[in-house]
Amino acid sequence: MTNPLFSTYTQGENRVTSTLLAVLEHVNSRLGEDILEALVDESDLSLVAFDNQVTGVESVPDAAIRGSTALWFETKTSPNAVRQSQLEDHLKALDQDPSDLQRLIVL
146 MTNPLFSTYT QGENRVTSTL LAVLEHVNSR LGEDILEALV DESDLSLVAF DNQVTGVESV
206 PDAAIRGSTA LWFETKTSPN AVRQSQLEDH LKALDQDPSD LQRLIVL
């Protein structure tokens, strides 16, 4: 199911993540892939699923884009809101993903 362009989330960081995901999903797929390839410094991403609030084993990243690559997103809209323990939990869970390449992107 595609993500709505205008987020229905109420929490700031979830609105930002949801809107970013919707834009990447709705723009020309080649453009979206080009943007993400530049972001993670990879030249051949295959993207198939765009998901908000992905439930992991021990963590819930704000978003995930999956295909041959697993890109997990954690978004913070307040200064000093990033917690090391949260990022470590995401990285442990992401390490279990069967994709060829896994990346955690903190915005």
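Okay, so the sequence shown: first residue is 146 according to our numbering, each after it adds one.
Beta carbons are placed, not taken as given, at the ideal position from N, Cα and C, and that holds for glycine.
Among the options, nearest to residue i - alpha-carbon criterion
i, options, result
"E178", "D207, S191, P206", "S191"
"D242", "E182, S163, I210, T162", "I210"
"A238", "P224, T222, L216, N225", "L216"
"V251", "L184, S244, D245, V193", "L184"
Environment of residue i [buried if 16+ CB atoms lie within 10 Å]
i, result
"V227", "exposed"
"T200", "exposed"
"L166", "buried"
"A208", "buried"
"T222", "exposed"
"S213", "exposed"
"S163", "buried"
"V161", "buried"
Contacting residues, own chain, Cβ-Cβ under 7 Å from residue i (five flanking each side not counted)
i, result
"H235", "S204, P206, W217, E219, L249"
"E182", "S188, L190"
"E158", "D207, T220, K221, T222"
"P224", "none"
Nearest-angstrom beta carbon gap, residue j and residue i [assumed within contact, 8 Å]
i, j, result
"L169", "F195", "7 Å"
Own chain, CB closer than 8 Å to residue i, minus 5 neighbours either side, in chain order
i, result
"S230", "none"
Own chain residues within Cβ distance below 6 Å of residue i, not counting five before or after
i, result
"Q247", "A215, L239"
"S244", "T214, A215"
"L232", "none"
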